[in-house]
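Asker: Chains as they are written, first to last, in the working numbering: chain A, 31 to 353; chain B, 1039 to 1167. One structure is given below, represented as structure tokens, and several questions about it will come after.
See the structure below:
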């Protein structure tokens, strides 16, 4: 029987998706990599055959025995791996101890593997959709607190990296009198070298930002100029000014549902190493379909970067085409 | 270094799933779906393996050198290229024969038992309760 997943009935696609999630979530990773696709393929063929004979209800009747079989076999596979045999000793003690070690010693990983399809296809799009009006309402209409008189209010950072077991490899704050007696903001890595970041997080290279986000309505179709004085200390490989423009999401709900990340355009003005205060600027056209503008600092890797006297202004009124 | 040849007698008894998978491959290469159908057919539907049972058994049979993946494929136009075909190894063939002999011995013993003889004389004991 030839199988065409894309033309399969919905019940078969749904069944296969659940089955794959069960295998991935409950079984050993190496089994899934080596035999997972074959097991899922076979289950799909069984579903298709049953669907042709008995329709949707027939496929539903496969769920309980097949899902039970998948979970039981994956537990047995864990037992085989722990006991180094193809015929493991099965008892309440061995099962409980194995599952405790394999599943619950890494609960986040277990939940992620088992729940990730559900999270990715349902929870994330739903929360994104529901939070969209709130995010829009909370965004500023124009730059605010540009002289840091209210510390880091309306400045968001450090962001752009994923936390790892609660550890924070970057920090940001206000430096009171670093630039001509005026305050500046800074973004710095706690680690001195990229390899140290790897010890703190599971990534060796991280892009981290300290930015302010404003609505793009007043800037659409115009050129904006972002300038500021920048100082860097032991930056490796680079850091600099950043403008990041988020474009409007698709109009239809189905397109938005499948869009993992918003489309963006942007520009950086990078620097590296160590130097005293220097003036940098970026000029960028704002597309007609721009939604938000993020401006501020970006740091790739390690070191420290300061920003003082930031300014964001419109420099001309040219009409800009949509991105 | 010389390793002694594996003794097939040491690999028996087999689980029902493993025995029927090996039996199904006795006539040549088959892929997973064909093995499932063959087992359901030659056991009259009494043994229906789940996909996970089948492939976990296949994984261990390959590791134990009882079966191997086959490069021989039928006409590609008639087949799904994602399928993997398996065949018995020499050791696998000897092990399945050893298991059949063990079952024959058990059957011979059962036939000597007066309490079972009349039941075993009929082709099937179904419906005799």
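Every residue, glycine too, gets a C-beta built ideally from N, C-alpha and C.
#1: So, does the CB of residue 132 of chain A fall closer than 8 Å to a CB anywhere in chain B?
#2: Is the shortest distance between the beta-carbon of residue 69 of chain A and the beta-carbons of chain B less than 8 Å?
#3: Going by C-alpha to C-alpha distance, which of A:247, A:216, A:103 and A:120 sits closest to residue 169 of chain A?
#4: Counting contacts by CB-CB distance shorter than 8 Å, is residue 1083 of chain B in contact with chain A?
#5: Do residue 1074 of chain B and residue 1087 of chain B have their CB atoms nearer than 8 Å?
#6: Mind pulling the chain B residues with CB within less than 8 Å of residue 201 of chain A?
#7: Return the residue from the list A:255, A:188 and A:152 that minimises the CA-CA distance to residue 241 of chain A.
#8: Under the rule that 16 or more other beta-carbon atoms within 10 Å means buried, what is residue 199 of chain A, buried or exposed?
#9: So, is the C-beta of residue 62 of chain A closer than 8 Å to a C-beta in chain B?
#10: Using a Cβ-Cβ cut-off of less than 7 Å, list which residues of the stretch 69 to 101 of chain A approach chain B; keep chain order.
#11: Assuming residue 312 of chain A and residue 239 of chain A make a contact with CB atoms under 8 Å, what is their CB distance in whole Å?
#12: Could one say the Cβ of residue 1088 of chain B lies closer than 8 Å to chain A's Cβ atoms, at least one of them?
#13: Can you list, in chain order, the residues of its chain with a C-beta nearer than 6 Å to that of residue 50 of chain A? Leave out the 5 residues immediately preceding and following it.
#14: Would you mind reading off the limits of the beta strand (DSSP E) that contains residue 306 of chain A?
#15: So, is residue 100 of chain A buried or exposed, given that buried needs 16 or more other C-beta atoms within 10 angstroms?
#16: Which word fits residue 1146 of chain B, buried or exposed, when buried means at least 16 other C-beta atoms lie within 10 angstroms of its C-beta?
#17: Let me know the secondary structure DSSP gives residue 185 of chain A once reduced to three states.
#18: What are the boundary residues of the alpha helix (DSSP H) that residue 104 of chain A is part of?
#19: Pull up the DSSP beta-bridge partners for residue 322 of chain A, would you.
#20: Considering residue 215 of chain A, what are the terminal residues of the beta strand (DSSP E) in which it resides?
#21: For residue 341 of chain A, name the three-state secondary structure that DSSP assigns.
#22: With a cut-off of 8 Å, does the C-beta of residue 109 of chain A fall near any C-beta of chain B?
#23: State the Cα-Cα distance for the pair residue 43 of chain A and residue 1067 of chain B, rounded to the nearest angstrom.
#24: At 8 Å on the CB atoms, spell out the chain B contacts of residue 103 of chain A, in chain order.
#25: Residue 342 of chain A: which of A:280, A:271 and A:336 sits nearest, CA to CA?
#26: Distance cutoff 8 Å, beta carbons only. Does residue 106 of chain A sit that close to anything in chain B?
#27: Classify residue 1156 of chain B as buried or exposed, calling it buried when 16 or more other Cβ atoms lie within 10 Å of its own Cβ.
#28: Within the same chain, show all residues whose beta-carbon is closer than 7 Å to that of residue 1158 of chain B, passing over the 5 residues directly before and after it, in chain order.
#29: Return no unless some Cβ of chain B is closer than 8 Å to the Cβ of residue 116 of chain A.
#30: On the DSSP letters alone, give me the boundaries of the alpha helix (DSSP H) that residue 161 of chain A sits inside.
#31: Put residue 285 of chain A into one of helix, strand or coil per three-state DSSP.
#32: Run through chain B and tell me which residues come within less than 8 Å of residue 65 of chain A, C-beta to C-beta.
#33: If you draw a straight line from the C-alpha of residue 106 of chain A to the C-alpha of residue 1091 of chain B, how long is it?
#34: Using a Cβ-Cβ cut-off of 6 Å (strictly less than) and excluding sequence neighbours within five positions of residue 300 of chain A, which residues of its own chain qualify?
#35: Suppose only complete runs of 3+ residues qualify. What are the beta strand (DSSP E) ranges in the stretch 1066 to 1130 of chain B, listed by chain order?
#36: In terms of residue numbering, what span does the beta strand (DSSP E) encompassing residue 208 of chain A cover?
Answerer: So, from the listed chains and residues:
#1: Position 102 of the first chain, counted from the first residue, corresponds to residue 132 of chain A. Taking a beta-carbon distance threshold of 8 Å, residue 132 of chain A does not count as an interface residue toward chain B.
#2: Here residue 69 of chain A refers to the residue found at position 39 of the first chain. By this cut-off, residue 69 of chain A is an interface position.
#3: Locating residue 169 of chain A in the first chain gives position 139, counting from the first residue. Of the listed residues, the one whose Cα sits closest to residue 169 of chain A is A:247.
#4: Residue numbering aside, residue 1083 of chain B sits at position 45 when the second chain is read from its first letter. It does not: the Cβ of residue 1083 of chain B has no partner Cβ on chain A nearer than 8 Å.
#5: Start at 1 with the first residue of the second chain, and residue 1074 of chain B comes out as number 36. Start at 1 with the first residue of the second chain, and residue 1087 of chain B comes out as number 49. Cβ distance < 8 Å, so residue 1074 of chain B and residue 1087 of chain B count as in contact.
#6: On the first chain, residue 201 of chain A is found 171 positions in, with the first residue counted as 1. Chain B residues near residue 201 of chain A: none, gap ~48 Å exceeds 8 Å.
#7: As a first step, residue 241 of chain A is located in the first chain; it is residue number 211 there, counting from the start. Distance from the Cα of residue 241 of chain A is smallest, within the candidate group A:255, A:188 and A:152, for A:188.
#8: Your numbering for residue 199 of chain A matches position 169 in the first chain. That one is buried.
#9: If you number the first chain from 1, residue 62 of chain A lands on position 32. No, its Cβ sits nowhere closer than 8 Å to a Cβ of chain B.
#10: If the cut-off is 7 Å between Cβ atoms, the stretch 69 to 101 of chain A has 69, 71, 72, 73, 75, 76, 95, 96, 99 and 100 near chain B.
#11: As a position in the first chain, residue 312 of chain A is number 282, starting the count at 1. As a position in the first chain, residue 239 of chain A is number 209, starting the count at 1. Not a contact, Cβ separation roughly 14 Å.
#12: On the second chain, position 50 is the one that residue 1088 of chain B refers to. Using a CB distance cut-off of 8 Å, residue 1088 of chain B counts as an interface residue toward chain A.
#13: As a working note, residue 50 of chain A is residue 20 in the first chain. Exclusion of the five residues before and after residue 50 of chain A leaves 70 as the residues of its chain whose Cβ lies within less than 6 Å of its Cβ.
#14: Along the first chain, one-based indexing puts residue 306 of chain A at 276. Boundaries of the beta strand (DSSP E) around residue 306 of chain A: 294 to 315.
#15: On the first chain, residue 100 of chain A is found 70 positions in, with the first residue counted as 1. Buried: at least 16 other Cβ atoms inside 10 Å.
#16: Mapped onto the second chain, residue 1146 of chain B falls at position 108. Looking at its Cβ environment, which holds fewer than 16 other Cβ atoms inside 10 Å, residue 1146 of chain B is exposed.
#17: On the first chain, residue 185 of chain A is found 155 positions in, with the first residue counted as 1. Residue 185 of chain A: coil per DSSP, three-state reduction.
#18: Numbered from its first residue, the first chain carries residue 104 of chain A at position 74. Per DSSP, the unbroken alpha helix (DSSP H) holding residue 104 of chain A starts and ends at 67 to 113.
#19: Numbered from its first residue, the first chain carries residue 322 of chain A at position 292. As computed with DSSP, residue 322 of chain A is found in a beta bridge with A:245 and A:276.
#20: Residue numbering aside, residue 215 of chain A sits at position 185 when the first chain is read from its first letter. Start and end: 212 to 219.
#21: If you number the first chain from 1, residue 341 of chain A lands on position 311. Reduced to three states, the DSSP call for residue 341 of chain A is strand.
#22: The residue you call residue 109 of chain A lines up with position 79 of the first chain. Not an interface residue.
#23: Translated into the one-based positions of the first chain, residue 43 of chain A becomes position 13. Translated into the one-based positions of the second chain, residue 1067 of chain B becomes position 29. If I take the Cα positions, the gap works out to 29 Å.
#24: By one-based count along the first chain, residue 103 of chain A stands at place 73. Those within 8 Å of residue 103 of chain A in chain B are 1088, 1090, 1091 and 1094.
#25: As a working note, residue 342 of chain A is residue 312 in the first chain. Here the closest residue by C-alpha is A:271.
#26: Start at 1 with the first residue of the first chain, and residue 106 of chain A comes out as number 76. Judged by the 8 Å Cβ criterion, residue 106 of chain A is in contact with chain B.
#27: In the second chain, residue 1156 of chain B corresponds to position 118, counting from 1. Exposed is the call here.
#28: Numbered from 1 along the second chain, position 120 holds the residue referred to as residue 1158 of chain B. 1148 and 1149, listed in sequence order.
#29: If you number the first chain from 1, residue 116 of chain A lands on position 86. Yes, residue 116 of chain A lies at the interface with chain B (some Cβ there is under 8 Å from its Cβ).
#30: Position 131 of the first chain, counted from the first residue, corresponds to residue 161 of chain A. Counting along the chain, the alpha helix (DSSP H) containing residue 161 of chain A begins and ends at 154 to 168.
#31: Residue numbering aside, residue 285 of chain A sits at position 255 when the first chain is read from its first letter. Assignment of residue 285 of chain A by DSSP, reduced to helix, strand and coil, places it in the helix class.
#32: One-based indexing of the first chain puts residue 65 of chain A at position 35. Here the neighbours are 1093, 1094, 1096 and 1097.
#33: On the first chain, residue 106 of chain A is found 76 positions in, with the first residue counted as 1. On the second chain, residue 1091 of chain B is found 53 positions in, with the first residue counted as 1. For the pair residue 106 of chain A and residue 1091 of chain B, the Cα-to-Cα distance works out to about 10 Å.
#34: As a first step, residue 300 of chain A is located in the first chain; it is residue number 270 there, counting from the start. Around residue 300 of chain A: 268 and 270.
#35: DSSP runs (the beta strand (DSSP E)) wholly in the stretch 1066 to 1130 of chain B: 1105 to 1108 and 1123 to 1126.
#36: For the purposes of this step, residue 208 of chain A is taken as residue 178 along the first chain, with counting starting at 1. From DSSP, the beta strand (DSSP E) with residue 208 of chain A extends over 200 to 209.
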